[in-house]
Amino acid sequence: MKRLSLLLIFGLIGFNVSAQVGINNISPNASLDIAASNQASPASNDGLLIPRIDAFPATDPTAAQHGMMVYLTTTDAGNPPGFYFWNQATTSWDSITGNGAEQINELTDGISDGTSLFLGANSGQNDDGGNSNVGVGLFSLSNNTSGDSNTAVGSLAMINNTTGFGNTAVGRQSLPSNTTGNDNTMIGFQAGLSNTTGFQNTAVGAAALDANTTGYDNTAIGYSVMGSNSTGRLNTAIGTSALLSNSEGFENTAVGVGALRNNTTGDYNIALGSGALSGAVSSSYNIGIGRNTMSNIFSNPAAQYNVALGDVALSSLTSGSRNIAIGGSALTTLSSGIGNVGIGMETMTTATTAQYNTAVGFNAGRNVLDGDFNVFMGYQSGENNTRGSDNVFLGANTGFNNTTGNNNVFIGYNTGYFETGSNKLYIDNSNSTTPLIWGDFNVNVLRVNGAFQVGNPTGTGYEFPATDGALGEVLRTDGAGNISWGNIADDADWYQEGTTSAPSSSSDDIFTDGNVGIGTSTVNYPLDIDATSTRTIDLENTGNGFIYGLYNRINEAAPSASVTNTYGILNSITRTNQGAISGVSNSFSNSVSTASFGYLFGVDNSFGTSTSSLSIGFFNRFQGTTTTAVGMRNLVAGSFTDFYGVQNYNLTGGHNGTFYGLYNFFGASGGNGTRYGAFTEFFDTGIGNKYGYYVDIADSAGGTHYGIYSSALKSGSYAGYFLGDVAIGTTTANNYTFPASRGTNGQVMVTDAAGNLSWSTLSGLESTTASNGITETGDDVRLGGALNQNTTITTGINNLIFNLSATGYFEVQDAGTSKFRISNTGNTRLGGSLQVNQTNVTGTRLIELTSAGSTGLINAYAAGINTVQIAGTGDSYINGGSFGLGITNPQEQLDVVDNTAGYVGDFYNESTDSTADGISVRLAASSPNASAYYIGFFRGSGATVSGRISGTAAGTGIQVVTSSDARLKTNLEEVTDALSMIQEINPKWYEFKTNLGQRELGFIAQEVKTVLPQIVTGEEDSDPRVDPMMVDYARITPLLTAGIKELHAKVNALEAENEALKAQLAAFRALEARISALEQSGDSPKNVAANE
């Protein structure tokens, strides 16, 4: 500190005193002792005022005033306001604060420009000033030019930084290579030693991040942490040698000594604990928490998506994936297993290649080697199982002695403890070999070793007996929830046949005097069954001889006249909306495919010695309002040799009564509908003969034979009515066929002796002359000849058919030249043109098949104008309307619609000329504007446009635009850190392998995908010749725009900073000029160094 000698001269004292003077003090302790009015609470005017001056006197004081004090109220000649005393030795007014080093820039090795601070030899020697930098240490920030907001403390700290900003480096040679990197924090000897442009990194510890060059957003804390990282990013490492070898891996987290020590390119790993994941080199997506967890993965990238939590968990893993180990030594020997889960201390500790096992609990699955798909849950569950698979053990010590068993299920404490086999089920809470529930999956057996209850017996449930009953005993309930075995003899409901004793054997015939109900509690009949299943009663008989599915025997003790009707089977069926209802339905099938039946009877009625005035084999009664009633209907669906709808047989005996094969009696009064005694219709398309009615009476049969006898004597009625040819005769070779038409007045029937009758005019009166396309040859009239008049053939309801059944053909000629021919082979040929006209042949032309030379043409017309032409060669066109492919109502001139995973259309110019063109799209307007679409792109079938190629506002070019309407968007966010993303996209010169020698400029899709996957299509494992990865270059524009804006903001900040620096520099220059002027002025006060 400086020692100041103050000489106070009081001009106001006009007399000499030799003693001390006290003011407000009666006991002065000095020549002048001034006391405050109240030392503890002084007044505002307590104090000593010395002369106050606005400027130093123009005339210097003399030696007599040496030490005289004044207070300068304003700045004078560069001297700021303050206390000054006259120093006669230097003949100058000196500030009472002294003249020593009061500011950093007064030190010989320090620089201060108002905003930056530098201390140390050559520290900040190239800084352009005003950048808010702090450099302390030899050559710290010595090359910095415009970098701002940096702090460098230590010898050579940030020695090469030029424009990097926002960096903090503390320690010798910390961040010495950084040039333009920003926002880095490096603390420790050689921390960030090689970092040049990397940004936003944090390293604390000697040699931490010392190899990093361009990696960013890394955090390294500890000695040599991430010492090899060069371009890796977004990593966090805490602990000596953590991520020591990482060079390019990113988004890894390593906490602990040596954690992820050998990782070089692996990504997305988390290692917490000493040596965690220390062997991993290129594996990704792993989580290791605990000492030496997953420490032996090494360089196998297949080891992925593993989770290890606990001391040495998964410590032997080399290539396994998707494993989870939680607990000390969990899965510690697993090397290449997949999909295993071990939770608990020493779970599955010996597993090596096991897959898809789950073990939860201390020592669970401890000795598994290579078993798969097991579930072990509970303390020591499945502890000794080594190679078993597909087991489920739930509970402590379950399956303890099972070593190689498969497909077992053990549930409960100690269950299956002694079981060594496979396919067993144990449910219990002990090690019993007869558990509460036991099962064998191999033979589908389930056993209950205890009481088996259905429901709660104290309520509505019941409990089965625990032991087997005696032979013939049955289960019966006491109604209070208990079921026991009992002798059927104790059941008073049933008796042995013919006795009143209860049955004693299950083979006894039994009966009851009461009704029996099944499925119903209200029993109204001897056997009353109420069921909802498909079959109410299912009877099966495997015996031989006569077999009856259901046998009814109805007798009476004595003749009775009171019984009205007796039914063997009576069906009463009441249904709603039923498709079909059958009173009786029979189905016959062979039990052996090679066997056959003798006779099959759907209904077999036998009328034996019964005496009855009327016996009816089949009787149907129809009542109600059925639309159609069928007494008997036969449906023939099989392949039968012969089929008879009704067949009547008179087999034996002579009977004098009248027999009717079919007898119909219509005697009811009223009703005006048509009645048919027999009605036959044929729709069969087979080639066999059809007989509406066929009668064959043997010559040997007695009596008079009538093939058909018909009596219809009512006037206007017909005994026979035939529509079609009628043939009469005694044999097929001696019959004749009547004409099909009536003939003309006076004609007679004439036979040709070949069985054909025709109408003919009597001989001598014939005057017919063939003409008009018909030629008369003798008595024949033949088709052929010249037409001598216009001729029309009116078919009416009949058809005109030309049957080309042989080699002949139908042909139309023009002057001997064939113009139209239909051959017997079915081919139709046309010579000349074919026209289809509207309404008639002279109407407006619609379609035309014609030719031009040797080229065929198909023309379509609209209002007589040729609008469509399809040519074999030359031009084809559609001029009018829209043309659709895959659509029936095209909306545009050309409308193509398809539902396919491939392309809808394909335009391929096969020319190999390098100047050949593909598709031309034209608009007739000379200057199409932005509303004129060259090509529009739409989504789905809607009208919303997604993008377009259209004209420009000036109409002189085209513009390619895509949908970007703010009204269609949501979740809007500003793009930040665009420059960092742009730095990761590297433009390259390249040549396509199929076009060597032609250099192109662009990006690599795989690199762009890591930064902007949204603008890249395709997959890296696809065939690049068919589906290569592609980049939408236009969508990079928003990123470039954001980057330019960030650059613009930085430029603006730098320009503002530059202007501020210019102003400061101007002020410094003005100050320097003033100092120079003062130094050159002889009469200005001079500051000298104060006494130390």
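Position one of the sequence shown corresponds to residue -13 (the working numbering), numbered consecutively onward.
The beta-carbon is built from N, C-alpha and C at its ideal position, and this holds for glycine as well.
Item, Value
"6 Å Cβ shell around Leu432 - same chain, five flanking residues per side excluded", "Gly425"
"Start-to-end residues for the beta strand (DSSP E) that takes in Lys955", "Looking at the DSSP string, Lys955 is not in any beta strand (DSSP E), and its letter there is neither H nor E."
"Close beta carbons around Asn286, own chain, < 7 Å, minus the five adjacent residues each side", "Ser269, Thr304 and Ser305"
"Opening and closing residue of the beta strand (DSSP E) in which Glu762 lies", "Ile760 to Thr763"
"Residue(s) in a DSSP beta bridge with Glu332", "Answer by DSSP bridge pairing: none, since Glu332 is not bridged."
"Check whether Ser214 and Ser233 have beta carbons under 7 Å apart", "yes"
"For Val907 and Leu820, the rounded distance between their alpha carbons", "37 Å"
"Environment of Gln1066 [buried if 16+ CB atoms lie within 10 Å]", "exposed"
"Assigned exposure category for Ala369 - 16 Cβ within 10 Å defines buried", "What sits at residue 369 in the sequence shown is Glu, not Ala. Counting Cβ neighbours within 10 Å, Glu369 comes out buried, since at least 16 surround it."
"Secondary structure, beta strand (DSSP E): runs of 3+ residues fully inside the stretch 93 to 151", "96 to 98, 103 to 105, 120 to 122 and 137 to 139"
"Rounded C-alpha distance that separates Glu977 from Gly988", "10 Å"
"Proximity to Gly167 [Cα-Cα], best of Ala193, Thr401 and Thr188", "Thr188"
"Rounded C-alpha distance that separates Asp892 from Ser966", "42 Å"
"Short Cβ contact (7 Å threshold) for Met334 with Gly313", "no"
"Cβ distance (whole Å) where Thr1098 is taken to contact Ser321 below 8 Å", "An answer regarding residue 1098 cannot be provided, because it is not within the stretch -13 to 1078 covered by the chain."
"Gly116 and Gln1050 closer than 7 Å at C-beta", "yes"
"Val156 - DSSP class collapsed to helix/strand/coil", "strand"
"Limits of the unbroken alpha helix (DSSP H) element including Asn1044", "Thr1023 to Gln1066"
"Rounded separation between Leu751 and Ile844 - CA only", "The pLDDT assigned to Leu751 is 48, lower than 50, so where the model puts this residue is not dependable; a value taken from the coordinates is nonetheless given after this. Going from the Cα of Leu751 to the Cα of Ile844 covers about 58 Å."
"Residue environment, Val681, which counts as buried when at least 16 other CB atoms sit within 10 Å", "exposed"
"Best match in Val122, Asp113, Ser118 and Gln111 for proximity to Leu105 [C-alpha to C-alpha]", "Val122"
"Spatial neighbours of Ala41 in its chain, beta-carbon cut-off 6 Å, leaving aside the 5 residues before and after", "Asp62"
"Through-space distance from Asn153 to Asp376, alpha-carbon basis", "59 Å"
"Counted within 10 angstroms of its Cβ, other Cβ atoms place Val827 as buried (16 or more) or exposed", "exposed"
"Phe396 and Gly407 closer than 7 Å at C-beta", "no"
"Distance between Glu1006 and Glu993 (C-alpha atoms, nearest Å)", "11 Å"
"Reference Asp113, options Asn146, Gly357, Val961 and Ile694, closest by Cα", "Asn146"
"Through-space distance from Arg953 to Val931, alpha-carbon basis", "14 Å"
"Proximal residues to Thr94 (C-beta, below 6 Å), its chain only, five neighbours per side dropped", "Interpretation of Thr94 is limited by its pLDDT of 46, a score under 50 that renders its predicted location unreliable; no figure is taken from the coordinates."
"Given Tyr291 as reference, the closest of Gly325, Phe284 and Thr318 once Cα atoms are compared", "Gly325"
"Coarse secondary structure for Met1016, derived from DSSP in three states", "strand"
"Reduced DSSP secondary structure (H/G/I, E/B, other) of Glu896", "coil"
"Neighbour-count burial assignment, Leu246, 16 or more Cβ in a 10 Å radius", "buried"
"Where Gln1000 sits in the DSSP three-state scheme", "helix"
"Whether Pro443 touches Gly465 by CB criterion (7 Å)", "no"
"Check whether Leu220 and Glu237 have beta carbons under 7 Å apart", "yes"
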